[in-house]
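Student: Okay, handing you the structure first.
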């Protein structure tokens, strides 16, 4: 079902084939400070097919039920994709500890934060809303 949505995930307007390599080098030096800002400021949080599969496994429910319960169809720039339904704050954020309840299975967008977030794609991450980015 999720593969029927058409365009999913990252901005298709980004055509730089080396962007991923550069972002990986930068991202490998980041250390999360568990402030929870990424889980309250990022919206939408896109879901790739692999993200849904990981969520389904960690939640121990079917892919169909995972989509029905946690995903919403969103459209931006003429592209349809799946995204987490509730993102302000994210439904998976434990607000007491500022830790992700599904951390081992978190979506790729969360794994690559702050370098691949709706606010920074094509730009530099801001230390104003991600303390881990201040040393970049």
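Numbering (the working numbering), first residue to last: 63 to 198. Here a beta-carbon is modelled for each residue, glycine too, at the ideal position from N, C-alpha and C. Since the model is a prediction, treat every value here as computed from it, not as a measurement.
1. Specify the secondary structure class of residue 196 as computed by DSSP and reduced to three states.
2. If you follow the beta strand (DSSP E) that residue 118 is in, where does it begin and where does it stop?
3. Hey, would you say residue 145 sits closer than 8 Å to residue 108, going by beta carbons?
4. Locate the beta strand (DSSP E) running through residue 146, then write down its first and last residues.
5. Got a sec, what are the start and stop residues for the beta strand (DSSP E) residue 135 sits in?
6. Would you call the segment 152 to 159 and the segment 96 to 115 touching, i.e. three or more CB-CB distances under 8 Å?
7. Got a sec, what are the start and stop residues for the alpha helix (DSSP H) residue 173 sits in?
8. So residue 100 packs on residue 193, CB below 8 Å; how close in whole Å?
Tutor: To lay it out plainly:
1. helix
2. Note, residue 118: premise wrong, no beta strand (DSSP E); alpha helix (DSSP H) at 111 to 121.
3. yes
4. 141 to 146
5. 133 to 138
6. yes
7. 170 to 173
8. Contact flag wrong, Cβ pair sits at about 10 Å.
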